[in-house]
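J.:
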Amino acid sequence: MKNKEIARIFDELGDMLEFLGENPFRARAYKRASQIIYGLPEDIEKLYKSGKLSEIKGIGESIIQKVGEFIDKGKISAYEEYRSKIPEGLLELLSVPYIGPVTLRTLYKTLHITNFDELIKACEDKLIRNLPNFGPKKEENILKGLLRYKEQSFRFPIGLIYDDITKLLEDVKNIPGVIRAEIAGSFRRMKETIGDIDILASGRNTTEIIRDFTKLPTIKEIISEGETKCSVLLLTGMQADLRVVDDNSFGACLQYFTGSKNHNVKLRGIAKDMGFKINEYGIFKGDELIPCPDESIVYKTLGLPWIPPEMREDNGEIELAQKCNLPKLIEYNDIKGDVHVHSTYSDGGESIKAMAEAAIKKGYEYIVITDHSQSLKIAKGLEIERLIRQMEEIDKINRELAPFKIFKGSEVDIKHDGTLDYPDEILKQLDFVIASIHSGFKDDEKKMTKRILNAMENKYVTMIAHPTGRILNARDPYNVNIIEMCKMASKTNTFLEINAYFDRLDLNDINARIAKEYGVKFCIGTDSHNSIQLNMMIYGIGQARRAWLTKSDIINTKNLQEFTEEIKIKRKKF
DNA sequence: GCCGTTTTCGGCCCGACTGTTTTCAGTCG
Ligand SMILES: Nc1nc2c(ncn2[C@H]2C[C@H](O)[C@@H](COP(=O)(O)OP(=O)(O)OP(=O)(O)O)O2)c(=O)[nH]1
Ligand SMILES: [Mg+2]
Ligand SMILES: [Mg+2]
Ligand SMILES: [Zn+2]
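Once you know that position 460 of the first sequence is 450 in this note's numbering, the rest is easy, because the numbers rise by one and skip nothing.
1) In terms of alpha-carbon separation, which member of Asp414, Ile89 and Ser429 lies closest to Phe422?
2) From Lys386 to Ser333, what distance separates their C-alpha atoms?
3) Compare the C-alpha of Gln570 against each of Tyr322, Pro295 and Ile522 and name the closest.
4) Taking 5 Å as the limit, name every residue whose beta carbon sits nearer than that to some heavy atom of ligand 3, in sequence order.
5) Going by the beta-carbon positions, is the gap between Ala174 and Leu159 smaller than 8 Å?
6) Is it buried or exposed for Tyr322, if we count other Cβ within 10 angstroms and need 16 for buried?
7) Suppose contacts are defined by Cβ-Cβ distances below 8 Å. Is Ile359 in contact with Gly399 by that definition?
8) Who pairs with Gly29 in a beta bridge, going by DSSP?
9) Measuring only from the beta carbon, is Thr360 closer than 7 Å to any heavy atom that is part of ligand 4?
10) Residues in its own chain within less than 8 Å of Arg179 by CB, not counting five upstream and five downstream?
11) How is Ala171 classed by DSSP in three states: helix, strand or coil?
12) Classify Lys432: buried if its beta carbon has 16 or more other beta carbons within 10 angstroms, exposed otherwise.
13) Does the stretch 207 to 218 come into contact with the stretch 258 to 267, if we say contact requires no fewer than three beta-carbon pairs (one atom in each stretch) closer than 8 Å?
14) Using DSSP's beta-bridge definition, name the partner residues of Glu215.
15) Please identify the residue among Asp188, Asp236 and His428 whose C-alpha is closest to the C-alpha of Val168.
16) Helix, strand or coil, according to DSSP, for Gly515 in the structure here?
17) Nearest-angstrom Cα distance between Tyr468 and Leu497?
18) Does the beta-carbon of Asp517, which I'm using as the reference point, lie nearer than 7 Å to any heavy atom of ligand 4?
19) Tell me whether Ala502, by its Cβ, gets closer than 7 Å to a heavy atom of ligand 4.
20) Any heavy atom of ligand 2 closer than 7 Å to the CB of Tyr176?
21) If I measure Cβ to Cβ from Ser24 and keep anything under 6 Å in the same chain, skipping five residues before and after, which residues do I get?
22) Quick test of your reading: Asp231 and Asp186, contact by CB under 8 Å. State the CB separation rounded to the nearest angstrom.
23) Distance, Cα to Cα, Glu507 vs Val470?
24) Between the stretch 443 to 450 and the stretch 344 to 354, do at least 3 Cβ pairs fall closer than 8 Å?
25) On the criterion of 16 or more Cβ atoms from any shown chain inside 10 Å, does Gln55 qualify as buried, or is it exposed?
26) Please classify Ala242: does DSSP put it in a helix, a strand, or coil?
27) Is Glu415 near ligand 4 - that is, is its Cβ less than 7 Å away from at least one heavy atom of it?
28) Since Thr452 and Ile557 are thought to touch, with beta carbons under 8 Å apart, how far apart are those beta carbons, to the nearest angstrom?
29) Between Arg145, Ile374, Thr291 and Ile378, which has its C-alpha nearest Ser85's C-alpha?
30) Just how far apart, CA to CA, sit Ile110 and Gly430?
31) How is Pro91 classed by DSSP in three states: helix, strand or coil?
32) Which residues share a DSSP beta bridge with Ala230?
33) Can you find a heavy atom of ligand 1 that lies under 7 Å from the Cβ of Thr218?
34) What is the residue span of the alpha helix (DSSP H) that Ala577 lies within?
35) Hey, could you find the ends of the alpha helix (DSSP H) Lys398 is sitting in?
36) Report yes or no: do three or more beta-carbon pairs, one from the stretch 19 to 38 and one from the stretch 80 to 97, lie closer than 8 Å?
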C-alpha cells in the first residue's frame, strides 16, 4: 500500500508551501490531504483506479492528479520541482519549538542556515539576535528548542506513560481550589503514542491554580505561564500543558482540549454555518453564551450525539454522527479473557497458575496460555515433550480453578521457510494456536505475505499475532501485504490479533479498520510476560475503539461458552 | 487547494502567551 508514502509527500509539500510563504490555506489543504490519506481505511491505489478518490472531501482535482502521477511514475513533478529549490534538511527545522515558517525563512534568507548544526552555531555566535524582529530572547529560545528537539523528538507509547500521567492528574486534583480535572488531548483519545500531556482543570482562581501547578516537584522547567494555561517540561523530558477554566466552561474546554485539532476545526466550521460559535469557553449564539458544564452539550447544541474521544480524528465520525449512525464501540469492560499469555514454561516471569489467578482477579472467565514454540530458542521455546507436559499441567490447574478455564495454546513460530514450528498432530491437540513471525523480518513483500498466508491456510491456526511486527520507536512493520492478509483471514476464519503490548499495538487503529472492511474478526491479546502486564488490555481496547470496532467484532468479548464454540469454527468449516 | 440546497468566488476555527512590534506578528494549543 502506497498510502503512507503518498501522505508523507503531501505533508512535506505543505511544509514547502508554508516555508515559501504561499497562501497558508493552500499549504493546509496539502496537510489535510496528507492526514486523510494516512488514515484512509483502504488502499489509495484501489480508490484512485476506481475513481472513488474524488468522493472524499478534502481531496480535489490537483491532489488526485498528483496521486495518479505517483502511482503511474513513482514521482510527483511539482514536488520534485520544489525539492530542487529547498535544501535537504532545512524543513526538518520546522519541527523545532519556536521555529515556524516565518522564522525559518528569515534564518535561511539572511544567515543562509540550511540545517540543524549551522543553526546551533549561529545561536552560539549570537548572530540571531541582530536579525530584524529577532532579539536575545528569541535566540535563546531557538537554542533551547534545538536542544529539546535533539534530546527528544520521539513520541511516547501510551502504555509507557499511563501511570505517570494518572499520577500527575492526581497532583492537579489536589491543588487547592480545583473543582474538576481530567486528562485531555491524544491520551484521552487513546492514541498509540502521546506527544505531550494535556490536563484540564476547573476552578475560580485560575492564576493561583496555575502557579501551584508550576511548583510541583515533578516539573523541571516552565515554558510559558499565563492566566488560563501554562506549559512545562517534566523531569522525564515530557511536556505537560495545563488549561484552567471556570467550572461552567469545563465541558466546552474538555471538548476543545480533547481534540483532535482536525475534529475541532470541522466541528467549529459546522457550528459557524449554523450561526453558532464554539470556543473553549462555551458555545455562543450571537452574544449569548450557552454554558457547557458537560461536554455533550456542545454536541447536542449542534444536533449531534456525543462522540467517543477515540473516534475524534475527523475520519468520518462527524458525518456519521450527523446521520445518527455512530457505531456502538466495544467498551473497556467487555473483555472476558486474554488470548495471548506467556508463562515460565517459555520466557514469561510467572507460573501458569499465577497468571490464571491474576486473570480471575481481573474478572476474566478464561485465558489462553501461549508460550513460544521450539525453534525460538532465545525465548525458551517449548520442545514437543514440554508442550505435552504443559497441557497436562493445565488440565490439573483447570480442575482446581473451575469454572475458570485455561485454554491450551501456543505461539507457534512461522519459520523462515513459511512452515510452522510444530506438526499438525501436535497443533490439533491445542485449543488455540497463534502463529506469528519472529524471524526473517527483512523478507520482501511477496515472501513475507506468502509465509503468513500459508500459516492461515493451516486448519489449526486460530489467530495471527502482531500481524505487522512493528515495534513503536524501534522497528518498522515488515513487508506484509495487509489487504492480502485480511482477505485470507476472512476467507479462512482466522482471527487477527490486536496485540495490546505497550510498544506493539499491532494491528494498529488504521489497519484494524481496514481489516474490518474485509470482514475480519479480531481478538485482543496482551502478550503478557507477567501478571501486571495483563492490565495492558486497555491499550488494545483503545486501538479497537479507534478502529470503530464493536463488541461483536472481537471474539474475546464472548463468554466462556460462546468463546469455546467460536474457536472451533475454523476447524469445523475447513 | 478545496468547497458549495444560502455561494463556482470568497471564504477557510478560535484563542493564549511571548517578545520587541509602540499596536501586533509569530507560534502554539
Ligand atoms: N480548535 C483548535 N484546537 C486545537 C488546535 N491545536 C490543538 N488543539 C486542541 C486539540 C488538541 O487535541 C489539544 C491538545 O493539543 P496537542 O498539541 O497536545 O495535540 P494532541 O494532544 O491531540 O496530540 P499530541 O499527542 O500531543 O501530539 O488542543 C487548533 O489549532 N485549534
Ligand atoms: Mg497533547
Ligand atoms: Mg499539548
Ligand atoms: Zn507472545
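We put the beta carbon where it would ideally sit given N, CA and C, even for glycine.
T.: Answer, in terms of the structure:
1) Asp414
2) 16 Å
3) For the chain, the structure presents residues -9 to 564; residue 570 sits outside this window and is missing.
4) Asp186, Asp188 and Asp231
5) no
6) exposed
7) yes
8) DSSP output for Gly29 lists no bridge partner at all.
9) yes
10) Thr248, Gly249, Ser250, Pro299, Glu300, Arg302, Glu303 and Arg536
11) strand
12) exposed
13) no
14) Cys220
15) Asp236
16) strand
17) 12 Å
18) yes
19) no
20) For clarity, residue 176 is Ser in the given sequence; the question names Tyr instead. Yes.
21) Ala(-3), Phe0 and Asp1
22) 6 Å
23) 18 Å
24) no
25) exposed
26) helix
27) no
28) 6 Å
29) Arg145
30) 41 Å
31) helix
32) Ile187 and Val222
33) no
34) Since the first residue shown for the chain is -9 and the last is 564, residue 577 is missing from the structure and cannot be characterised.
35) Premise fails: Lys398 lies in the beta strand (DSSP E), Lys395 to Asp403, not in any alpha helix (DSSP H).
36) no
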